[in-house]
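**Q**
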Amino acid sequence: PPSLRRQRPPLVPSAFACDMATLAGRPLALLAGAGVAVAAIAYLRQRLRPKLVLYYHPISQPARATWALARALDPRGRLVELRVVALEQGEHKSEAFLAINPVGAVPALSDGKGWGLGESHAIMRYMCAVLPGGHRLYPSAWRPKARARCDEYLAWHHSHTRQGVPFFFHKHACRMFGAQPDPTKQSAGREQYEKAAVHINNHFLLETGGPFLGGKTPSIADLVCYAELGPLQWDDELGPFLFNLERIAAWLRAMRAQKWHAEVMAQTRGLMRVRRSE
């Protein structure tokens, strides 16, 4: 008889169904509550995140790249404190600085609690990992090809573009460090810069479609490269050479449009103006 048939239990418990029905009638309240929770988590993460301290010198190309990144990710300086290291006075060899970076070179990064990090590329990757928005300048693992292209340039940089630094040092910066210019090293550095610029124009910027080394938006590869080649646009010898390279010229213009540019490049540009007026 029907009265003796086994009753099938409801697919959804009645109490759960009731709760779901109640919640379904309050979608705006749910969204508002979720928004408050997300905001609270973000606030706590920011409060608990240790403030980083970046040690740099505005004339050092690797340090200038990390400075540009700090300003790009933290324009108001709330998360990264900037401290200039007086290289001219040997501060980078002081006991206090060597405790942060035993190599005695800028840039260096500290969390203010005894932890320190050297090497500009390592510093930049770390900053992108811990600071909000870092994935925009160093592609995440979800974009493996974009990250690989960025890493390709960073791996290539030290043995190619960076090898031109004697040109900049001996022509523009050596006197501020008490050294005398060496024309032979200056000439060799110019040759290295020219070779690197041609390869960047014909390979890196061609492969990505530009205007940046990573494609449509700048990456830490662009910051590293611009720290080296950017000042040369104001040099009376290499400036015309760079602007004769079509993709390099477009890249230089795109980099000059970045919000951090005026602050980060001011002292270097001023130094080159002084050199041209001598």
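Those letters in the sequence shown? Residues 1332 to 1609, per this note's numbering, in order. By construction, the Cβ of each residue, glycine as well, lies at the ideal position given by its N, Cα and C atoms.
1. Look at the alpha carbon of F1535 and the alpha carbon of P1512, and state the distance between them as a whole number of angstroms.
2. To which residues of the same chain is P1475 closer than 7 Å at the C-beta, ignoring the five residues directly before and after it?
3. Per DSSP, E1412 is paired with what?
4. For I1579, which residues from the same chain have a beta carbon less than 8 Å from its beta carbon, with the 5 sequence-adjacent residues on both sides left out?
5. Quick check on this structure: which residue in V1415, P1463, A1365 has the alpha carbon closest to the alpha carbon of Q1598?
6. Taking all protein chains shown into account, decide if A1348 is buried (16 or more other Cβ within 10 angstroms of its Cβ) or exposed.
7. A1439 by DSSP, collapsed to three states: which one?
8. Below 8 Å on the Cβ atoms is my guess for G1447 versus S1441; work out the distance and round it to an integer in Å.
9. For chain D, check one thing: does any of its Cβ atoms lie closer than 8 Å to the Cβ of A1430?
10. Are the beta-carbon atoms belonging to L1468 and S1391 less than 8 Å from one another?
11. Please state whether the Cβ-Cβ distance between P1393 and A1558 is less than 8 Å.
12. Can you tell me the Cα-Cα spacing of V1595 and W1398, whole angstroms?
13. Roughly how many angstroms separate the alpha carbons of R1395 and P1389, rounded to a whole number?
**A** A quick look at the data gives this:
1. Their backbone Cα atoms lie some 32 Å apart in a straight line.
2. None.
3. According to DSSP, which records beta bridges pairwise, E1412 is partnered with V1384.
4. Excluding residues within five positions, the ones whose Cβ falls inside 8 Å are A1528, I1531, N1532, L1536, L1560, L1573.
5. Answer by Cα proximity: V1415.
6. The pLDDT assigned to A1348 is 48, lower than 50, so where the model puts this residue is not dependable; a value taken from the coordinates is nonetheless given after this. Its Cβ having fewer than 16 others within 10 Å, A1348 is exposed.
7. Reduced to three states, the DSSP call for A1439 is strand.
8. Going by Cβ atoms, the distance from G1447 to S1441 rounds to 5 Å, so yes, they are a contact pair.
9. Note that chain D does not occur in the displayed structure, where there is just one protein chain.
10. No, these two residues do not count as a Cβ contact at 8 Å.
11. The criterion of a C-beta distance shorter than 8 Å is satisfied by P1393 and A1558.
12. Between V1595 and W1398, the C-alpha separation is close to 7 Å.
13. The alpha-carbon atoms of R1395 and P1389 are separated by roughly 6 Å.
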